[in-house]
Amino acid sequence: MKILANDGISKSGIDQLENAGFSVETEHVNQSNLVNYINENEIEVILVRSATEVRNDIIDNCASIKIIGRGGVGMDNINVEYAKEKGLLVINTPAASSQSVAELVMAHLFSISRSVFDSNRNMPQNGENDFKVLKKKYAKGIELRGKNIGIIGFGRIGQNTAKYALGAGMNVLAFDPFMEKATIELDIANQKLDVTINISSMEELLNKSDFISLHVPMPKDGNPIIGSLEFEKMKNGVRIVNASRGGVIDEPALINALKSNKVSFAALDVFVGEPKPSKDLLSNEKISLTPHIGAATLEAQDRIGEELAEKIINFYKK
Ligand code: NAD
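Residue numbers (the working numbering): 20 to 337.
This is how it looks when you write it as structure tokens:
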């Protein structure tokens, strides 16, 4: 029984599958050759991350396929409903990467509170001759402790981010239209502490936050959650992080808000038009940038591979 992991899968996932008698192909097949490859090799399970698309052409023309698996959360690259209508099992690994994304958000929060990202850009070239100039340029950092962080979208990643933020001494405000409060469990030095966060209104969150981090799915209507109207309601000098989906923040409105100093710094892991983000964002010296690596830790990749393997093995056991 053959599995094609077209965007890769962790070694631990491969081991688990091979031990259960599956054969796992990890060589990347181009999108245009996928239908032929699947048919010629009688692939029964196709596993993808965000790069490969599984659209109706594959679902309609590859009779051998039984399972479509997405390593990660978002299923935008798979025609999920259509696949289900055709009787295919569609699986993903929603919880496996929450911890890793939350840690990347913290990395960006620390980075934009002390301009670490920009200092790293300038020190290699100018550090030797302009040390004092750069020291002055980066002298207006702020601490996270005691600041308000507004978390928009209080699901798995939002709540994991809240745990770290609480650990850093921040006050957490959260907005999520589908809940009134959430109790999150902090696990510190083998002691457990429950912290209940009451959900705020969006208005209150925008008005009071020193930092804002977004952890929402892309709205179905495709409209951004944060645009110029929302920026206007924020504190002057707010710092904002987006590691959810490109387009959740209106990118041109963000650039304007950075220009006017409404937003002092931003951090982006996700972009409209990936893998070709806007040059205006990439060249903006007030933005800390990472190329959609929220889930890209060894630990998350292992958990993703193992969770997919488990689901596939269980399916074939039935
Ligand atoms: P989740 O489903 O657990 O949580 C999302 C939350 O957003 C839910 O509680 C939902 O009620 C809330 N929500 C929906 N619409 C909202 C709105 N308009 N305003 C406020 N809240 C809203 O999802 P998750 O696992 O926490 O993932 C969150 C986001 O992170 C997703 O967009 C996902 O694609 C993205 N993600 C990014 C990476 C990365 O590499 N950067 C990795 C994994 C996930």
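C-beta atoms are modelled at their ideal positions from N, C-alpha and C, and glycine is treated no differently.
C-beta atoms of residue i and residue j nearer than 8 Å
i: S279; j: V235; result: no
i: I331; j: G88; result: yes
i: P296; j: I268; result: no
i: S29; j: I245; result: no
i: I57; j: V43; result: no
i: K166; j: M189; result: yes
i: G90; j: R74; result: no
i: E162; j: S119; result: no
i: I84; j: E63; result: yes
i: D299; j: I274; result: yes
i: L153; j: M142; result: yes
i: A285; j: L277; result: yes
i: F173; j: A201; result: yes
i: A319; j: L36; result: no
i: L225; j: L205; result: no
i: L9; j: A24; result: This structure gives no information on residue 9, because the portion of the chain shown stretches from 20 to 337.
i: S31; j: E326; result: no
Whole-number beta carbon distance between residue j and residue i, since they are thought to touch under 8 Å
i: F290; j: A272; result: That pair is no contact at about 14 Å.
i: A181; j: I207; result: Incorrect: roughly 14 Å between the Cβ atoms, too far for contact.
i: E304; j: D137; result: 6 Å
i: D288; j: I312; result: 6 Å
i: R175; j: A102; result: So it is not a contact: roughly 24 Å between Cβ atoms.
i: V135; j: S232; result: About 17 Å separates the two Cβ atoms, so there is no contact after all.
i: G256; j: S219; result: Contact flag wrong, Cβ pair sits at about 20 Å.
i: I86; j: L108; result: 5 Å
Closest Cα partner of residue i within the set the options
i: V48; options: L205, G27, E37; result: G27
i: E199; options: M221, N209, K182, I207; result: M221
i: S116; options: F173, N179, A158; result: N179
i: Y183; options: V214, M94, P243, A158; result: V214
i: N96; options: S83, I84, E104, N111; result: N111
i: F194; options: G177, G188, L53; result: G177
i: E72; options: S83, M94, D321; result: M94
i: T45; options: I231, N38, N55, I33; result: I33
i: S347; options: S302, F334, I274, I259; result: This structure cannot speak to residue 347, because the chain is shown only from 20 to 337.
i: K227; options: D321, E204, K254, A314; result: K254
i: Q50; options: L36, E61, D76; result: D76
i: I78; options: N52, E37, N98; result: N98
i: R164; options: G146, V191, T202, Y157; result: V191
i: M237; options: E223, L248, G266; result: G266
i: E223; options: K252, S247, N145; result: K252
i: L308; options: N261, A315, L327, T316; result: N261
i: E122; options: T316, N333, E326, K337; result: T316
i: I171; options: F150, N148, F197, K281; result: F197
i: P310; options: A158, E293, D321; result: E293
i: E59; options: F41, G146, N80; result: N80
i: L301; options: Y335, A314, R140, G169; result: R140
i: I168; options: A187, A70, N209, I203; result: A187
Interface flag, residue i vs chain C, CB-CB below 8 Å
i: G177; result: Of the protein chains in the structure, only one exists, and it is not chain C.
Report task. Quick one: which unbroken beta strand (DSSP E) runs of 3-plus residues sit fully inside the stretch 96-174? Chain order, please. Result -> 108-111, 167-171
Query raised in the report: Which ranges would you report for the alpha helix (DSSP H) in the stretch 174-223 if only whole runs of at least 4 residues count?
Result: 175-186
**Report entry** Contiguous alpha helix (DSSP H) assignments of at least 4 residues, all confined to the stretch 47-76
**Finding:** 53-60
Report task. Go through the stretch 217-259 residue by residue and report every complete run of the alpha helix (DSSP H) that reaches 4 residues or more, in order. Result -> 221-227, 247-252
Query raised in the report: Unbroken beta strand (DSSP E) runs of length 3 or more, entirely within the stretch 256-298: which are they?
Result: 257-261, 282-287
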